[in-house]
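Here the sequence shown is numbered in our numbering, starting from 1333 and rising by one per residue.
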Amino acid sequence: MIKVGLENISEYMHLFEGKRVGLITNPTGVDDHFRSTIDILSEKVNLVALFSPEHGIRGNVQAGVELEPYVDEKTKAYVYSLYGKTRRPTKEMLDILDVLFFDIQDVGTRYYTYLYTMAYAMSACAEYNKHFVVLDRPNPVDGIHVEGNILNLDYRSFVGYYPILQRYGLTIGELAMLFNEEYGIKCQLDIVKMQGWTRKMDFLATGRHFVQPSPNIPTLETMYHYLATCLFEGTNMSEGRGTTKPFSLIGAPWLKAEEVIEALNAYNLKGVAFRSQYFTPMFSKHQGILCHGIELYLIDKDLYEPVYTGYVLLDVIRHMHKEFEILNPYSGGRAPFISLLTGDRFASEDGLTLEEIKKKLKQDKAAFTKIKERYHIYELWHKSIDHWRENWTTVDVWYRRGRYHWSCHSSD
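Shown next as structure tokens:
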């Protein structure tokens, strides 16, 4: 089992001893015994303030809901929201701090607002001369695979602010380093590293307990499908919110699911399967209305290309249904929400064809991979596996149907 940054802080005491400490966290900030980062740090340091991303520090707030400052019942510390009107810590918030810690498990996806909570906080720390420390955690969809298109800065928002791919293949600490150096934040940054994590590991391979990163990411499999189906948040289709399988289900009352699945199968999409499914959302789009939908199943995580799968789903459905709509921009918005999610105008009526999108994904993957590799902290394999290489030609690991499989080939 790996050790996350939180479990290694005893080796980094110099970062917070004698200092006033602030903490950005949520329910994923726990050790392997489910002790929260809040409780652990409050015993070791002078913890003076807490900062909440979307969904709150206790995970008790649904997506998109704004919070006013309040007092945390357990610690009696003030909690400042970094979602809604104030997404960047103010001078007044930071004046009482010397160092600001960040401990949140992300999902390895550009759409996730926690990334920009971190980036905005880093920017504020740079401006007001505060130290920023990331307690590193795994990329739950592994640190090897990257996929997507680089965000066009004309479409930057709180679901995509920097020119990275949808699936970026970095830990949250590595991503902080990339943001800091490539995009000019230049804050005083330290990473409390993990022990035992390697790039080939997804979350299941870490052996750690899964804690939901947000209310609508209930399972490990959901994190893969989120890369594909989050696009449907910007349409008049349900992305499965209000069901027990958000982002693994999409649908609408008018969807011709069987015909869509037949069309999808012609694309021979790898690592994923589709099933026709009925569902009735209890809240969000189509609340209380029976929807005909499509359920996604993860078959092989190493073959699955969820971003491209999402673009194929979108293209097939929109061309088969006159009822399909792209939602208008939010009040005051300059672009439809789906364009903010795609990071470009791919979803517009005069956007790219699927072939053009596929070519763009390939080009952007190559370009971004060169950048991301500069910020790798962790190796592909454990160093302890080096001795295997002296006696075995290859050691293969793959995942299928919920299990890891090992294959060793002798050099004899």
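Glycine included, C-beta positions come from ideal geometry on N, C-alpha and C.
Helix, strand or coil at residue i [DSSP, three-state]
| i | result |
| --- | --- |
| Y1629 | strand |
| Y1731 | Residue confidence is low: Y1731 scores 41 on pLDDT, short of 50, so the model does not pin down where it sits. Its coordinate-derived value is still stated next. Reduced to three states, the DSSP call for Y1731 is strand. |
| T1641 | helix |
| T1422 | coil |
| C1562 | helix |
| R1650 | helix |
| R1721 | Residue confidence for R1721 is low, a pLDDT of 45 falling below 50, so the modelled location carries little weight; the figure read from the coordinates is stated next. It is helical. |
| S1671 | helix |
| G1337 | helix |
| S1739 | In this prediction, S1739 has a pLDDT of 43, which is less than 50 and means its spatial position is unreliable; what the coordinates show is noted afterwards. Correct three-state label for S1739: strand. |
| L1409 | Note on residue identity: the sequence assigns Ala, not Leu, to residue 1409. It is coil, neither helix nor strand. |
| D1404 | coil |
| L1382 | strand |
| D1522 | strand |
| T1567 | strand |
| H1708 | coil |
| H1557 | helix |
Endpoints, alpha helix (DSSP H) assigned at residue i
| i | result |
| --- | --- |
| S1754 | Residue 1754 lies beyond the range of the chain shown here (1333 to 1744); nothing can be said about it. |
| Q1695 | L1686 to K1704 |
| D1438 | That residue, D1438, is in no alpha helix (DSSP H); it is neither H nor E in DSSP. |
| V1592 | A1589 to N1597 |
| T1530 | Careful: T1530 lies outside any alpha helix (DSSP H) and carries neither H nor E. |
| I1370 | T1369 to K1376 |
| A1537 | F1535 to T1538 |
Separation of residue j from residue i, as counted between CA atoms
| i | j | result |
| --- | --- | --- |
| V1524 | I1341 | 7 Å |
| F1579 | G1572 | 5 Å |
| R1607 | D1676 | 30 Å |
| W1713 | E1591 | 43 Å |
| W1720 | E1711 | Legend: pLDDT at W1720 = 41, less than 50; position of this residue unreliable, no value from coordinates given. |
| V1644 | C1457 | 41 Å |
| F1434 | M1450 | 7 Å |
| N1723 | K1532 | Here the model assigns N1723 a pLDDT of 42, short of 50, so the residue's position is not dependable and the matter cannot be decided. |
| I1709 | L1467 | 13 Å |
| P1401 | A1409 | 11 Å |
| V1353 | L1630 | 41 Å |
| R1488 | Y1494 | 7 Å |
| S1680 | T1674 | 10 Å |
| L1510 | G1440 | 14 Å |
| H1346 | Y1443 | 34 Å |
| A1453 | E1553 | 30 Å |
| Q1527 | L1601 | 35 Å |
| N1646 | T1576 | Reading off the sequence shown, one finds Leu at residue 1646, where the question assumed Asn. Computed Cα separation, rounded: 22 Å. |
| D1486 | E1349 | 42 Å |
| D1634 | K1697 | 16 Å |
| V1491 | L1672 | 7 Å |
| I1621 | F1564 | 17 Å |
Beta strand (DSSP E) segment containing residue i, residue limits
| i | result |
| --- | --- |
| H1463 | H1463 to L1467 |
| F1615 | Premise fails: F1615 is in no beta strand (DSSP E) and is neither H nor E. |
| S1342 | S1342 -> no beta strand (DSSP E), and no H or E assigned at all. |
| A1584 | L1581 to A1584 |
| T1357 | R1352 to T1357 |
Practice task
Ignoring anything shorter than 4 residues or poking outside the segment 1464-1519, list the alpha helix (DSSP H) runs there in chain order.
Solution key: 1504-1514
Practice task
Answer yes if the segment 1468-1486 comes into contact with the segment 1686-1693, meaning at least three C-beta pairs across the two stretches below 8 Å, and no otherwise.
Solution key: yes
Exercise for the section: Would you check if the segment 1558-1568 and the segment 1588-1602 touch, i.e. whether three or more CB-CB distances between them fall below 8 Å? Expected result: Short answer: they don't touch.
Practice task
Would you check if there are 3 or more beta carbon pairs closer than 8 Å linking the segment 1421-1431 to the segment 1350-1364?
Solution key: yes
Exercise for the section: Take every Cβ of the segment 1534-1544, pair it with every Cβ of the segment 1361-1376, and state whether three or more of those distances are shorter than 8 Å. Expected result: yes
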